[in-house]
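Enquirer:
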Amino acid sequence: EGIVAIGHDQTYGRHARTYQFVKYHIWAPCNACVTCPSAITDGGAQLLKLQLAKNDLDESRRAIFEDYYKRLTSRYPEQAWTSGQWMTERPGGSDVRATETQAFDFPLGPMSITGFKWFSSATDANATVLLAKEPDGSLSSFFTPMRRTSSGIDTTDTELNGVQIQRLKSKLGTRALPTAELVLTDMRAWRVGKPGQGVKEISTILNITRLHTGMTAIGLLGRGLAVARAFAKVRRARDRLLMDTPVHVHTLAKLHVEYRAVMFLTYYTAALLGVCEGQQGPSINELRCEQSELVSDEAAPLILRLLTPLAEMTAAKVSIAGLAECMESLGGLGYLENEDAALNIARLFRDANVLSIWEGTTNIMADDVIRIVKGSVGPATLAALDSTVSTATERWRRNGGIFSKSKQLCHAWAEQLEILWTDVRCNVELMSKEELLSRGRILAKELTWVICSVLLAEDALSDGDAAAVEVCDRWI
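Residue numbering for the sequence shown is 42 to 517, as defined by my numbering.
1) What's the call for residue 209, buried or exposed, on a 16-neighbour Cβ count within 10 Å?
2) Whole angstroms are fine: how far does the CA of residue 89 sit from the CA of residue 109?
3) Are the region 92–109 and the region 273–284 in contact at 8 Å, needing three or more beta carbon pairs?
4) Please name the residue, chosen from 495, 348, 382, that lies closest to residue 459 on a Cα-to-Cα basis.
5) Run through the region 51–81 for me and flag every whole alpha helix (DSSP H) of 4 or more residues, listed as ranges in chain order.
6) Would residue 271 be called buried (16 or more neighbouring beta carbons within 10 Å of its own) or exposed?
7) Return helix, strand or coil for residue 438, following the three-state DSSP convention.
8) Would you list the one or two residues that DSSP bridges to residue 282?
9) Which residue comes first and which comes last in the alpha helix (DSSP H) that contains residue 474?
10) From the DSSP output, which residues share a beta bridge with residue 228?
11) How far does the beta strand (DSSP E) with residue 144 in it extend, from its first residue to its last?
12) Check whether the region 220–233 and the region 145–157 are in contact - that is, three or more C-beta pairs closer than 8 Å.
13) Check each candidate in 123, 139, 198, 122 and name the one with the smallest Cα separation from residue 130.
14) Can you tell which of 177, 160, 46 has the C-alpha that lies nearest to the C-alpha of residue 116?
15) Quick one: using the 10 Å Cβ neighbour count with 16 as the cut-off for buried, is residue 190 buried or exposed?
16) Quickly, what does DSSP pair residue 208 with across the bridge? List them, please.
17) Output yes or no for whether 7 Å exceeds the beta carbon distance between residue 335 and residue 364.
18) With a threshold of 16 other CB atoms inside 10 Å of the CB of residue 366, please say whether the residue is buried or exposed.
19) Just curious, the alpha helix (DSSP H) that residue 342 is in, first and last residue?
20) I'd like to know if the region 250–269 and the region 64–80 are in contact, where contact means that at least 3 CB-CB pairs between them fall below 8 Å.
21) Kindly indicate which three-state DSSP category residue 128 falls into: helix, strand or coil?
22) Sort out for me which residues DSSP pairs residue 233 with in a bridge.
23) Mind checking residue 463: buried by the 16 CB within 10 Å criterion, or exposed?
24) Please determine, among 205, 243, 200, the residue with the shortest C-alpha to C-alpha distance to residue 84.
25) Does the contact criterion of 3 or more C-beta pairs under 8 Å hold for the region 300–311 versus the region 483–501?
26) By Cβ distance below 6 Å, which residues in the same chain neighbour residue 347 in space, the five residues on each side in sequence not counted?
27) Where do the N-terminal and C-terminal ends of the alpha helix (DSSP H) with residue 412 fall, by residue?
28) Hey, could you find the ends of the alpha helix (DSSP H) residue 288 is sitting in?
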């Protein structure tokens, strides 16, 4: 199906990411947690692609990276590789600066890595990206296969590449995915990027995997809602179907509005990623990219940088809370483990809880949002958002007559959006970074509301669909 490969296929140009995540959205609730290695594989492939675009890459390293990249993006099982990600260690947790694993120069070949990884994502992958400290103490990133040519008599055999599994983790969810503590001894690995630039290099992977995390959250919640709606159509309580019980329907309707909003946010982030990666293909001139009406190609990287943590943190939290509601809507049946994994809301709920932790907790994401809006690109990012809001509200007032009573609604939407956006922008501009850090979650929630309002209204006004209009009105 090309769950990873599609995102790197130039046939679809800047729309490759959108197409990729449509499939991913459908696939997420059905698989045995393979979306975790898929996410890291996607990020690892993008990391290697950027390395291959550099002119200072030596010939041997280029040949190796080209082979690895082809494997990570292959559609053929006999050739394809998956990638893991080993960053977390006991002292620092998500603070990778406290990494203790050491990297040493190895004559006539790759580096030698020795250390301990407390939490390894996708332990059974074919290769991995990891962080280790250079002899001078700086932190670098490395890419390495899980197996290497055997040092025994028969050199056609392979052996683990200096990796020993100390123990498997016992987890609340994602139980189909092995996660382990690893001891690394003389593991051979290739440095990715310049020495000491490890955190900068792995940010490429993090931006990709955070979007995958958000899309996984949307996929899980979408399945939970589908099961809950189907159940409401056949389950009778007090002589009537659940779908005829007002409070039950209201609960699911409210949840659907949140689901639709964060789904739009996540897909919009995916569309911007496709724009920023700048892929070109034969279909690019034949397809229309809707994002261009709201954000210019020049401003797209700024908005993408902001939306990536917003999409992950919002989708994860909405999914966890939403799946709890879906499970409750089935009563005792929802609490039971269903043998059909695709219909097992209890399993979906357990798996979803990792999404607000992996690749950064909600507070870490909120801090990231503050760093963006109060950092060097903060003014430009706010200006780009201001342009988006102004363009949207002006169009709503001008063209809001395509459905009955739309003019009043459009003016109300525009006024409400402008009021909150003005308040958010003023707070960001007037408050110090230290003041904003304590209210990072609040600011992130407000920014999410602004962006989702724009996207929902644009969708509603595109064709006047009654359901889309109702969803937007309830959200705003």
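Don't be surprised by glycine CBs; every beta carbon is placed ideally from N, CA and C.
For clarity, every value in this text was computed on a predicted model and none was experimentally measured.
Expert: Taking the geometry as given:
1) Here residue 209 is exposed. Its C-beta has fewer than 16 other C-beta atoms within 10 Å.
2) Between the C-alpha atoms of residue 109 and residue 89 there is a straight-line separation of about 8 Å.
3) No, the region 92–109 is not in contact with the region 273–284.
4) The shortest C-alpha separation from residue 459 is found at 495.
5) Within the region 51–81, the complete alpha helix (DSSP H) runs of at least 4 residues fall at 57–68.
6) A residue is called buried once 16 or more other Cβ atoms fall within 10 Å of its Cβ, and residue 271, having fewer, is exposed.
7) Here residue 438 sits in helix by DSSP.
8) Paired residues: 277.
9) Run containing residue 474: 474–478, per the alpha helix (DSSP H) assignment.
10) When DSSP reads this structure, residue 228 sits in a beta bridge with 154.
11) The continuous beta strand (DSSP E) containing residue 144 extends over residues 143–145.
12) Enough Cβ pairs lie closer than 8 Å, so yes.
13) Answer by Cα proximity: 139.
14) With respect to the C-alpha of residue 116, the residue from 177, 160, 46 having the closest C-alpha is 46.
15) The residue is exposed, with fewer than 16 neighbouring Cβ atoms inside 10 Å.
16) Bridge partners of residue 208: 222.
17) With contacts defined as CB atoms closer than 7 Å, residue 335 and residue 364 fail to qualify as a contacting pair.
18) With 16 or more Cβ atoms within 10 Å of its Cβ, residue 366 is classed as buried.
19) Where residue 342 is concerned, the enclosing alpha helix (DSSP H) stretches over 341–370.
20) Yes: at least three Cβ pairs fall under 8 Å.
21) Reduced to three states, the DSSP call for residue 128 is strand.
22) Residue pairing by DSSP puts residue 233 in a beta bridge opposite 182.
23) Counting other Cβ atoms within 10 Å of its Cβ, residue 463 stays below 16 and is therefore classed as exposed.
24) Cα-wise, what sits closest to residue 84 is 243.
25) With the cut-off at 8 Å, the region 300–311 and the region 483–501 touch.
26) Excluding positions up to five away in sequence, the list reads 413, 422.
27) Taken as a continuous stretch (DSSP letters only), the alpha helix (DSSP H) holding residue 412 covers 403–414.
28) First-last of the alpha helix (DSSP H) with residue 288: 287–318.
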